[in-house]
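Using full-length UniProt numbering, you'd call the opening residue of the sequence shown number 1 and step up by one each time. Below is one structure, written out as structure tokens, with a few remarks after it.
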Amino acid sequence: MEITSVRLVRLSAGKLRALASVTFDDEFVVHQIRVIHGSTGLFVAMPARRTASGAYRDIAHPVSASLRSKVQAAVLAAYEAPGVGEPSDKVESEV
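Dropping the structure here:
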């Protein structure tokens, strides 16, 4: 499974820095992947929903560590792309 594109919208909402959509093999897309600025720097969080008990559960997530690393690298590369720095900028990256 290959990442074929990353679409990213920058935000200025505190620790939430961007929302991304990642397309796999030009056939499957995962929306609402978040770029978050935490205490140790930027990280990627998969889409999640809140349960009745208040806990958060991933809606979709990579099963293997290698795919998780690929997704994180592709999303952060799109976020750190030169020339794009303002909130609400939309970035599309073909991988």
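Note that the Cβ used here is the ideal one computed from N, Cα and C, for glycine as well.
| field | Host alpha helix (DSSP H) of Val6 (start-end) | value | Residue 6 sits at position 6 when you count from the first residue of the sequence shown. Looking at the DSSP string, Val6 is not in any alpha helix (DSSP H); the run it does join, the beta strand (DSSP E), is 3–13.
| DSSP on Ala65, reduced to helix/strand/coil? | As a working note, residue 65 is residue 65 in the sequence shown. Ala65 falls in the helix class under three-state DSSP.
| Apart from the five residues on each side of it in sequence, which residues of its chain come closer than 7 Å, Cβ to Cβ, to Asp26? | As a first step, residue 26 must be located in the sequence shown, where it is residue number 26. Excluding sequence neighbours, Asp26 sits near Thr4.
| task | Round the Cβ separation of His37 and Arg17 to the nearest angstrom and send it over; I've been treating them as touching at under 8 Å. | result | Start at 1 with the first residue of the sequence shown, and residue 37 comes out as number 37. Start at 1 with the first residue of the sequence shown, and residue 17 comes out as number 17. At roughly 5 Å, the Cβ-Cβ gap stays under 8 Å, so His37 and Arg17 are in contact.
| query | Per DSSP, what kind of secondary structure is Ala78 in: helix, strand or coil? | reply | In the sequence shown, the residue the question calls residue 78 occupies position 78. Helix, per DSSP.
| said: Only counting the same chain, and skipping five residues up and downstream in sequence, which positions put a Cβ closer than 7 Å to that of Arg57? | reply: Taking the first residue of the sequence shown as 1, we reach residue 57 at position 57. Correct list, in chain order: Ala48, Arg49, Thr51.
| request: Within the region 16–57, note down every full beta strand (DSSP E) run reaching 3 residues or more, in order along the chain. | output: 16–24, 28–38, 41–45, 48–50
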